[in-house]
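Here is the structure we will look at.
2 protein chains.
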Amino acid sequence: MKYKTEGLFHCRMHSGIFLKSEKIYVFPQRIKIMDISKLFSIKILPDGKIIRVPKNYNLRQALLENGLNIDSSCGGAGTCGRCRVRIASGKVHAVPGKKISKREMEKGFILSCSAEVKGDIEVIIPQVKKRKAKIEAGLQELPEGKIYKSIDKTEIAKTKINPWILKEKITVEKPTIFYSTSDLFRLKKSILEKTGVKDIKVPLNILKNLPFLLRENNWEVMVVLNRETGTLIKIQPASERVSFYGLALDIGTTTLAMHLVDLLTSEIAGSASEYNPQIKYGEDIINRIVYSLKKDGLEELHDSVIGAINELILKLLKDSGVSGDDVSVMMVSGNSTMIHLFYGVPPKFIREEPYVTVANKFLNVSAGELGIKYIGEAEVYSIEGVASYLGGDITSGVLATNLSGRKKLSLFLDLGTNGELVVGNSQWMIGCSCSAGPAFEGGGVKCGVRAVEGAIEKVVITEKDYRCSYEVIGEERPVGICGSGLIDLLGEMYLRGVIDRKGKFNKDIGNSYLRFEDEEYRYIVAERKDSAAEKDIFITEVDINNLIRAKAAVYSGIKTLLEEVDLNIADIDRVFLAGGLGKNINVQSAIVIGMLPDIDLNRYSFLGNTSVTGAYLCLLSNEKYRLTEKIANKITYLELSVNMKFMDRYIAGLFLPNTDLKDFPTVERLLYSL
Amino acid sequence: MKYKTEGLFHCRMHSGIFLKSEKIYVFPQRIKIMDISKLFSIKILPDGKIIRVPKNYNLRQALLENGLNIDSSCGGAGTCGRCRVRIASGKVHAVPGKKISKREMEKGFILSCSAEVKGDIEVIIPQVKKRKAKIEAGLQELPEGKIYKSIDKTEIAKTKINPWILKEKITVEKPTIFYSTSDLFRLKKSILEKTGVKDIKVPLNILKNLPFLLRENNWEVMVVLNRETGTLIKIQPASERVSFYGLALDIGTTTLAMHLVDLLTSEIAGSASEYNPQIKYGEDIINRIVYSLKKDGLEELHDSVIGAINELILKLLKDSGVSGDDVSVMMVSGNSTMIHLFYGVPPKFIREEPYVTVANKFLNVSAGELGIKYIGEAEVYSIEGVASYLGGDITSGVLATNLSGRKKLSLFLDLGTNGELVVGNSQWMIGCSCSAGPAFEGGGVKCGVRAVEGAIEKVVITEKDYRCSYEVIGEERPVGICGSGLIDLLGEMYLRGVIDRKGKFNKDIGNSYLRFEDEEYRYIVAERKDSAAEKDIFITEVDINNLIRAKAAVYSGIKTLLEEVDLNIADIDRVFLAGGLGKNINVQSAIVIGMLPDIDLNRYSFLGNTSVTGAYLCLLSNEKYRLTEKIANKITYLELSVNMKFMDRYIAGLFLPNTDLKDFPTVERLLYSL
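Those sequence lines, one after another, are chains P and S.
Numbered per the working numbering, the first sequence finishes at 674, counting up by one with no gaps.
Numbered per the working numbering, the second sequence finishes at 1348, counting up by one with no gaps.
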């Protein structure tokens, strides 16, 4: 093959940025020589946007580079089947595989990651409506009667505000010929006298304006100071209104959540959340780490999350009318991999035995240093993590739940894309991560989806004919089943006898919704005619198996932690459920399938995103921030991957609800009563 | 006048940078509309370079903007007479004034600052050869027998080296599945165990490579650490050679001096010095401050000195073969105005009563933040000053002379463009600045020059016919008289009776070298035929008056300080002479004119640039750096401008050697013996 090098663009591109020349669009992924003698057009439907690519260009790559949001959890390896698009016209070279059937391909469906463009084409990209962005912080919209008192609004209002940022009106002594020390010296002296803060650091940019500001304001000024570092953040005329804000951010594997906090009143001036755009490089942590090993992969992942953060900041500032210059601190929480990617530090060894992070605690840096825009030189702090798979988001959650301050035994369970748990009280804490896998986020389940609009989130099976009734997020026609729906479904199937204790279908009960199609048994949850995509929404034995393994991982994690300290399920005084799944889960169903401890439902608290709540508390009080360091150092980390007891417990958990029924008295009663 | 705006360049220019279009050179000083319909050429002789300017453009500005080094101490105000050039052909509009006579103008000489270009011209720029760059640090080339022991090479070799920078070979514990703390944690632990340094700060750029470096080198690495801040500067394979260097820099009003120091051996790997290019904006501190008030003036002054520093660094690195990445610290010393300009902080209020600095002590910043190149992110420190007119250069000098460590009384005298003094011992110190003016640098003296090649630096008057014999720097034909030459000349004139005690010429002694020309009496030092510029080199009564005022300021400063603490000239155990003038001065002559105390000559030490020597010591030992902070805080500053005793002393000093002769027994004896 001959390459035409003339007119080639040799440049770096970030995702979503696209270089245009006079007539053509080229895709030089880094410096890459391509045959640009033939360029084909790709028309995106339904939008009608047209892009142009060289012959044989990878279709998924072309779409991603052009800013189109193509779902994929395997990062383009052809194993997740999520980057499916439909070719409306034109020629591509695509290969069938496990994740796409011949019949589907006959209808024009292909996996874009496995397709090469061979001519002008028209592509239909499935439109997944996002659930309306809504922050799921513990302090808002808690289900009635399920609010754990220590974290509700009243409690936060009572939290002693001892913020990082201090504002103080200062009168600086006027110099005379006999007292002609420097402006800086007299300023520092006045601040020390008024606030007690020593070793005040005044950056050059403030010094440059200091002499004029002091004289123009008759030596009366308002100073804004970082009490923690002694850094003078701002100095302004005493008469001007002072405002300063902070940002609390949780970087979840799936979702970013941000609060804009008025540090003078401790009120939340605005909240926003958005999907983590890194999803397109891989749905879970492992796939992200794998992507980071590619050339420039780490940089792409970093740029991707920073880009989304910038958008959230811009939105919050715009909506609230707050000036970015008034934002002085940003407090970031997230799991270890997300935090590594946030700082641009390689997460490679998080994935390799013995699973160590580069750092659990990072130095504070300026926003600009990380590429964060709009908030000037605000200082960025992050919450200390415990280990590779027990990150700062968990430390933050423990702070938010006050687990480390309670005398009685608590279990903290963060069920997001990963499952992390901490058991303990004010004396001790032990934590672990149970690699639940992405099943509850819809991964590894054919009709599984994230909690988007159109997701089935509740399921009840009619006793007589085994028909499913369901509730859909956003009251749309269903597109798939999300985590809470899957847990409900699994519980219902077990209770109603659709499946047995091993998760196998009972084929002899006259279940007309159990159908054999494409060489597998499928239990139909929503019929083709009712679904948004006009295809059946169903569950298979393979799906069920994946779900059972996920729930077994969570429960055996809990049991292993308790056994490690010679305690039992019955000793748990309170369960704090956090995370995306933790907010919407039907605990009753989760108990039925043996995922959560079979204890009084009133002992469960549903807290949503405790990671961002903890970050918010740290913004309000630097003592709380110091407390997170203590928490992180106090939690003993248990590595389950080499724990033999965990393995035994896990295997026992591969039955419904468990091999060992004595911990599930309620489930036993339910089974007999039905 | 009509302006043609088409094709105009609207841009900012730094000095020496010049915008070229296809055929013309334009001079838009900031955004300025000029008539560019007529462009005239300026041919620079002897080089032959051609530049083009619009009609009526200021000639000095055109030359400066084109990178030509035009001398001027008044910043273009037309009062110093130093920007003189000769028009070889063509038309300019120039006005005669005090600093240029009609006769000179008839010969084509003009002041370029007062000239507008009216047509194509040819200009001859006087070529002043610079004295060969040679650093004048206390530790090198001291005149034999005049070395003060505590500061010679031997002593510095004995100085306990306790550098900022620490290198240590570290073995980091390998992680296991049961000890899976972060790489950072284990690194910090090993460093703490080996060095005792806590709170180690590891910047992001090092973190990003840390995991790979540790594993590739089997957990054995060499770390380079800033002991002071705990910042990890570098980490590299244990097997690689470690080298780290520091830069010691003195920013003088006239000269920059720099040492490149090997921080492992404490040896000086190279030294360089260069004129401070800010000279073109004004020769002394006051003129620089005035220039800084102009629009963008501060930025120009800052850029100017940083540019020169970059050149010095580049030269030192090139000559020594040292890599800029190995330079970790830069220690800067200088007077308060120079340090303000170095940091880009406005020096405005240094000039206005009550004369306060913005700061005497600045936070350490990274080199890049100031625009310093070639040395990566080396940290830049500066030495704390005492007051507006007693800067870090004096603190540094006090450190270098060990004045603050001596029990006996010392007088430290820094005679550069300004004169600063400190009197004291290990118990107390008092200091002041005597506004000597630029007379000893050649300012305010018609034939005065700086200590360049061709400067007359020693003068003896032949008794019989009052003819001067002289020595010239570089054995060239003379171009003028520098500071030490002027002091010699004044002393000789007084001793030989050429002038009386008031500094007036004795016209009745038959002195054939005293001539009346251009409406003034001139005492000829070198005849026209012998001089490089083919004009007489002479001194006038006005010049003498300026010199007497300068020497009176120095001596009355010394007396006032001593009286303040009830001490006398005779109590002085040692005089440390520092600064450009302090190195080359003939002390005997300085005593004769009543500038320096009339004490045993053996009590004088000549130390050259003590500012850079102090900075060098601070590089070797951070204890020395901490000591400078103590020194700066210990020196009591005396403001002479409002001191009535100083005024009395000053007026008494306007005679030769002084109104009060009792402090000058040697001079009296000399006068009688002649």
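Cβ coordinates follow ideal geometry from the N, Cα and C atoms, glycine included.
All of these numbers come straight from a predicted model, not from anything done at the bench.
Contact with chain B by residue i, beta-carbon distance below 7 Å
i: Leu214(P); result: This model lacks chain B altogether; the protein chains it does include are P and S.
Other residues of its chain near residue i: CB distance less than 8 Å, five sequence neighbours each side excluded
i: Glu534(P); result: Arg528
i: Leu938(S); result: Lys841, Val916, Ser917 and Phe918
i: Tyr381(P); result: Val329, Met330, Met331, Val332, Asn364, Cys618 and Tyr625
i: Ala367(P); result: Met330, Lys373, Ile375, Gly376, Glu377, Ala378, Glu379 and Val380
i: Ile839(S); result: Val898, Leu899, Asn900, Arg901, Ile907, Phe918, Gly920, Leu937, Ser1002 and Val1003
i: Glu818(S); result: Note on Glu818(S): pLDDT 29, under 50, position unreliable in the model; no value is reported.
i: Glu637(S); result: Only positions 675 to 1348 of chain S appear in the structure, and residue 637(S) is not among them; the question remains open.
Nearest-angstrom beta carbon gap, residue j and residue i [assumed within contact, 8 Å]
i: Tyr1048(S); j: Leu991(S); result: 6 Å
i: Leu421(P); j: Leu561(P); result: 6 Å
i: Val386(P); j: Ala632(P); result: 5 Å
i: Cys1156(S); j: Glu1127(S); result: Not confirmed; about 10 Å, so no contact.
i: Thr927(S); j: Asp970(S); result: With 8 Å as the limit, Thr927(S) and Asp970(S) do not qualify as a contact, their Cβ atoms being about 21 Å apart.
i: Ile487(P); j: Ile585(P); result: 6 Å
i: Leu301(P); j: Tyr281(P); result: 6 Å
i: Lys118(P); j: Lys91(P); result: 4 Å
Terminal residues of the alpha helix (DSSP H) in which residue i lies
i: Thr613(P); result: Thr610 to Leu620
i: Arg860(S); result: Asp857 to Thr869
i: Leu204(P); result: Leu204 to Leu207
i: Gln588(P); result: Val587 to Val592
i: Val1146(S); result: Here Val1146(S) belongs to no alpha helix (DSSP H); instead the beta strand (DSSP E) covers Cys1142 to Val1146.
i: Arg756(S); result: That residue, Arg756(S), is in no alpha helix (DSSP H); it is neither H nor E in DSSP.
i: Ser1230(S); result: Glu1215 to Glu1238
According to DSSP, residues forming a beta bridge with residue i
i: Asn732(S); result: Glu790(S)
i: Glu300(P); result: Answer is none; Glu300(P) lacks a bridge partner.
i: Thr1340(S); result: In DSSP, Thr1340(S) forms no bridge with anything.
i: Asp250(P); result: Ala257(P) and Ser333(P)
i: Asn226(P); result: Ile165(P)
i: His767(S); result: Glu790(S)
i: Ser433(P); result: Glu420(P)
i: Ala455(P); result: Gly480(P)
i: Ile716(S); result: Ile725(S) and Ile795(S)
i: Gln236(P); result: Met222(P)
i: Ile784(S); result: Val759(S)
7 Å Cβ shell around residue i - same chain, five flanking residues per side excluded
i: Leu1335(S); result: Glu1342
i: Lys989(S); result: Ala946
i: Gly324(P); result: Leu317, Tyr374, Ile375 and Gly376
i: Asp1337(S); result: Ile1243 and Asp1272
i: Arg1025(S); result: Ile960 and Ile963
Contact set for residue i: own chain, Cβ-Cβ below 6 Å, skip 5 residues either direction
i: Asn1009(S); result: Gly1065 and Asp1067
i: Ala552(P); result: Tyr650, Gly653 and Leu654
i: Ile50(P); result: Ser41 and Lys43
i: Arg86(P); result: Gly108, Phe109 and Ile124
i: Ile147(P); result: For Ile147(P), the predicted structure reports a pLDDT of 31, less than 50, and the residue's modelled location is therefore unreliable. A value from the coordinates is still provided. So the list is empty, once near-sequence residues are dropped.
Run of the beta strand (DSSP E) containing residue i, from where it starts to where it stops
i: Thr636(P); result: Ile635 to Tyr637
i: Arg1196(S); result: Glu1194 to Ala1200
i: Arg515(P); result: Leu514 to Glu517
(request) May I ask you to list, following chain order, the residues of the region 201-230 of chain P that have a beta carbon less than 9 Å from some beta carbon of chain S? (result) Across the region 201-230 of chain P, CB contacts with chain S closer than 9 Å involve Lys201, Val202, Pro203, Leu204, Leu207, Lys208, Asn209, Leu210, Pro211, Phe212 and Arg215, in sequence order along the chain.
(message) Taking beta-carbon pairs under 8 Å, can you tell me which members of the region 283-294 of chain P lie near chain S?
(response) Within the region 283-294 of chain P, no residue places its CB atom closer than 8 Å to a CB of chain S.
(request) Please list the residues of the region 1001-1028 of chain S that have a C-beta atom closer than 8 Å to any C-beta atom in chain P, keeping them in chain order. (result) Along the region 1001-1028 of chain S, going in chain order, the ones with a CB nearer than 8 Å to a CB of chain P are Tyr1017, Gly1018, Val1019, Pro1020, Lys1022, Phe1023, Glu1027 and Pro1028.
(request) Return the residues of the region 515-528 of chain P that lie within a Cβ-Cβ distance of less than 9 Å from chain S, sorted by chain order. (result) Cβ contacts with chain S: none found.
(request) Taking a Cβ distance cut-off of 8 Å, strictly less, list which residues of the region 390-423 of chain P are near chain S, in chain order. (result) The region 390-423 of chain P vs chain S, Cβ under 8 Å: nothing.
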